[in-house]
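K.L.:
My questions all concern the structure below.
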DNA sequence: AGCTAAAATGTTTTT
DNA sequence: CATTTTAGCT
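Below, the structure is given as structure tokens:
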């Protein structure tokens, strides 16, 4: 009966269960409903829940979809991100590549630290090299397959980095995609196993998949061809992360028997907003034509405002928010301020704070990237794996025990030479069976090793919550934090929150091991943490707004060199991506859309004259109205 | 080894 | 300008 609410195209997408299917789903075309109901329908036709695999862009989207399916059918289907899928596959099969099952996942900070110890005198090139390695991995190139053209000894550095990761029994984010592909390619039996395990795949946001994700999917569906991909080429905004828009554009060539369905009715926005967005995106030349339409009525025109500076811009937006909230009763959490760069959030925070408007910033520094959280997690990681050099380096001198760079280097070399994992090597040094270090250092190291041993003991005997607490207590971490009285309270609160999260997770998870907990935390994105349940205005980058919708949307900072960003200058391709980004921002709006720019803006430490974004000129006056300074 | 102060460096977007 | 890295001093 739920199927009656669907339009004919949506219904066809839901009912097509066999063979490859491409759903070109324009903004607001009811994509989520179609995807969810298609899975529900698959279950109804007799596909077992464990044979279905849904892949989404964020954990949050995955969780929501899983929940909806469960509500409708009382069955649980695996829906996760590509990176979680990779982690899951590696957890089962990584031994085929010579790693141990207790591997840890390095985030960018960890990876950078590792790379830095390898680079030594060349650390000026760190970013360049890190990006090159990431690009190579996303393109599925191994170290012996890359050339040294751009960076001296690149192949060697890449190889060393990969070897060092393995030495630490760690994988980086890109490995979560690359290594599963290697397993499938190098081990036919495993390929066969996974192909039979997941017979029906469904992929959301297909326009933002990269080469390794594309290959992973193609390997998995090679046998059954039951693949449904959903996406919108006009919303492809992650090419800088290796996403290849061609993956969706060439789908019908990859699968000639594919059915293609276009969802072009928009159920979200009124026509002024929608047509202005259509107009804007039509300035892009390299795209698949489509015509989104809506029958929700004309609605309000887009309101344009040019402020003197970023403070006035924030004041204007705060005023409009007040108006919508107080006069029209729009809940605060149904309004959003979008900006191009995270740094732009400052003036809004200042303004909202002084006006006492509750707000919520999505993105920026994640809870799990805070120093105190990473410190404690590093202790836990070392207790878990024993090989994690980066976790060792981070924790060995917390609290201060007199370890400096030189000593840590010595221990690292000892570990490499003896081929002992870093923790066993420390034990050997304490026992006197490895390199000789001063008595003072040996005693300090002994203290450290026994702390890790304590955590390990609690880990074996007690709950996860107790393990986290033991990591905080055995290390004397709180007194270490007290050294900085300024930040102590806040950091302590964060640690309490970590304990609470551990306790909560432990209850809601079937097999709550420390390893699984650490894995989940490393895959958590800033987006996944945000809760929209309290009534607060949402502040976020346009990138973070993908997939969301709001009654009232503000797109701020529409100025040349900011949006579009200066880095896109001169590249038609990059400029088109900026335009798609602007399109994504605009199409989030249901009822009201405001677009603002400023004449003056503090940027890179100085005040600069700003010119209005070319995107503003690309909107026809039919759909816009100027708001003057007489609010 | 560890602190403080000066200097450099960099700001797009993030799983 | 704001944060991070380095140098120089103890």
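Numbering (this note's numbering), first residue to last: 1 to 631. C-beta: ideal position from N, C-alpha, C; glycine also.
#1: Out of 454, 493 and 489, state which residue places its alpha-carbon closest to the alpha-carbon of residue 474.
#2: I need the DSSP call for residue 15, collapsed to helix, strand or coil.
#3: Along the alpha helix (DSSP H) that carries residue 81, what are the first and last residues, could you check?
#4: Kindly identify the DSSP beta-bridge partner or partners of residue 210.
#5: Taking only three categories from DSSP, how would you classify residue 357?
#6: Roughly how many angstroms lie between the CA atoms of residue 197 and residue 49, to the nearest whole one?
#7: Going straight from the alpha carbon of residue 147 to that of residue 162, what length do you get?
#8: Closest by CA to residue 306, which one among 328, 58, 615 and 316?
#9: Quick one: complete beta strand (DSSP E) runs, 3+ long, within the region 100-144?
#10: So, at 8 angstroms on beta carbons, what are the nonlocal neighbours of residue 335 in its own chain, with the 5 sequence-adjacent residues on each side left out?
#11: Compute the Euclidean distance between the alpha carbons of residue 1 and residue 40, then round it to the nearest angstrom.
#12: In the DSSP output, what is residue 612 paired with across the bridge?
#13: Give me the residue from 337, 134, 561 and 291 with the minimum Cα distance to residue 586.
#14: Fully enclosed by the region 336-381, which beta strand (DSSP E) runs are 3 residues long or longer?
#15: From residue 467 to residue 496, what distance separates their C-alpha atoms?
#16: Could you pull the start and end residues of the beta strand (DSSP E) that residue 297 belongs to?
#17: Determine the closest residue to residue 210 out of 242, 541 and 248, with distance taken between C-alpha atoms.
#18: Should the region 418-434 be regarded as contacting the region 444-453, the criterion being three or more beta carbon pairs within less than 8 angstroms?
#19: Which residues does DSSP list as the beta-bridge partners of residue 172?
#20: Identify which residue in 345, 371 and 457 has its Cα closest to the Cα of residue 364.
#21: Rounding to the nearest angstrom, what Cα-Cα distance links residue 615 and residue 224 in this structure?
#22: Which residue's Cα is closest to the Cα of residue 572: 286, 391, 193 and 396?
#23: Within a Cβ cutoff of 6 angstroms, which residues of the same chain sit near residue 202, ignoring the five residues on either side of it in sequence?
#24: Using alpha carbons as the reference points, say which of 556, 398, 566 and 153 lies closest to residue 593.
#25: Roughly how many angstroms lie between the CA atoms of residue 68 and residue 78, to the nearest whole one?
#26: Taking the alpha-carbon of residue 405 as reference, which of 300, 120 and 137 has the nearest alpha-carbon?
#27: How would you call residue 34, buried or exposed, if buried means at least 16 neighbouring beta carbons within 10 angstroms?
#28: Could you work out which residue in 519, 143 and 253 is closest to residue 83 when comparing CA atoms only?
#29: To test your reading of the DSSP string, which unbroken beta strand (DSSP E) runs of 3 or more residues are found completely within the region 420-507?
#30: Compute the distance between the beta-carbons of residue 253 and residue 590, then report whether it is under 8 angstroms.
#31: Tell me where the beta strand (DSSP E) around residue 201 begins and ends.
#32: Would you list, in sequence order, the uninterrupted alpha helix (DSSP H) runs of no fewer than 4 residues that lie entirely inside the region 262-327?
#33: On a CA-only basis, which of 237, 348 and 476 is nearest residue 545? Give me that one, please.
#34: Quick one: is the Cβ of residue 184 within less than 7 angstroms of any heavy atom of the ligand HEM?
#35: Under 8 angstroms, do residue 504 and residue 301 count as touching if we go by C-beta distance?
#36: Using CA atoms only, rank isn't needed, just tell me which of 96, 535 and 62 is closest to residue 185.
P.N.:
Working from what's here:
#1: 454
#2: helix
#3: Not the alpha helix (DSSP H): residue 81 falls in the beta strand (DSSP E), residues 78-81.
#4: 243
#5: coil
#6: 11 angstroms
#7: 16 angstroms
#8: 316
#9: 104-106
#10: 321, 324, 325, 537, 538, 550, 551, 552, 553 and 554
#11: Only weak support is given to the placement of residue 1: the predicted model assigns it a pLDDT of 40, under 50, and the question is left unresolved by the model.
#12: 559
#13: 337
#14: 359-361
#15: 13 angstroms
#16: Run containing residue 297: none; DSSP gives neither H nor E here.
#17: 242
#18: yes
#19: 106
#20: 345
#21: 44 angstroms
#22: 286
#23: 54 and 228
#24: 556
#25: 12 angstroms
#26: 120
#27: buried
#28: 519
#29: none
#30: no
#31: 200-203
#32: 271-281 and 310-326
#33: 237
#34: As far as ligands go, the structure on display features none, and thus does not contain the ligand HEM.
#35: no
#36: 96
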